[in-house]
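Residue numbers in the sequence shown follow the working numbering, run continuously in steps of one, and reach 144 at the last position. Built from N, CA and C at the ideal position, the CB exists for glycine as well.
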Amino acid sequence: MKKQLNLNLYQGKHGGRRPNSGKKRIHSPGVAHKKREVIKQQHPLHINFKYKTQIRYQQFLEIFKRAVGNAQKHGMKFIHYSIQSNHIHIIVEVKSNSELSMAMRSLTATIVKLVQGQKRIKGSLQLERYHLHVLRTYQ
6 MKKQLNLNLY
16 QGKHGGRRPN
26 SGKKRIHSPG
36 VAHKKREVIK
46 QQHPLHINFK
56 YKTQIRYQQF
66 LEIFKRAVGN
76 AQKHGMKFIH
86 YSIQSNHIHI
96 IVEVKSNSEL
106 SMAMRSLTAT
116 IVKLVQGQKR
126 IKGSLQLERY
136 HLHVLRTYQ
């Protein structure tokens with residue numbers, strides 16, 4: 006029986022790191038993808054999320070109310086909201102990180118679906134992840 010012939014096909018001329026190759030970095034990365042801090046029930050949260058398109062208040066208010074109803078099913082309690090032309094500020098209370106995650110998914114998914122349907126937009130509507138700030142008070 007004959008031995009198998011081993012051929013070395015690597016010539017070292019192709020592949021590897023090349024100048025200006027790969028995905029280009031963006032200038033403002035927005036919200037860092039790091040683990041969020043543990044949320045306690047006694048602290049309200051200020052959440053801000055931005056959109057790529059301009060939003061008209063009267064048209065968006067009905068969409069936002071439907072989205073709030075869906076998010077409340079997951080345990081999110083809305084204290085206050087402010088709708089701007091390209092972003093939203095909300096102050097909410099939740100019991101845990103998992104409730105926040107589920108409620109925010111529900112809220113943003115409902116808003117995106119309804120706005121895309123209304124404006125006939127395809128592709129992403131959100132500019133970046135939501136910003137979260139825990140509101141602590143002095144005791």
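- Taking a contact as a CB-CB distance under 8 angstroms, the pair TYR56 and ASN91 counts as one, their CB atoms being some 6 angstroms apart.
- Nearest to TYR62 by C-alpha distance, out of GLN46, LYS7 and TYR86, is TYR86.
- As summarised for the region 95-137, the continuous alpha helix (DSSP H) elements at least 4 residues long and confined to that stretch are 102-124, given in chain order.
- Distances from the CA of THR142 to each of LYS28, LEU50, LEU10 and VAL73 were compared; the closest alpha carbon is that of LEU50.
- Of the residues GLU98, LYS118, GLY74 and LYS8, the one whose Cα lies closest to the Cα of ILE44 is GLU98.
- Residue state for LEU66 is assigned as helix, using DSSP reduced to three classes.
- Shown here, VAL73 sits in a helix according to DSSP, grouped into three states.
- Taking GLY80 as the centre and dropping the five residues before and after it, the same chain places the C-beta of VAL99, LYS100, GLU104 and ALA108 closer than 7 angstroms to its C-beta, in chain order.
- At the C-beta level, PHE54 and GLN121 stay beyond 9 angstroms of one another.
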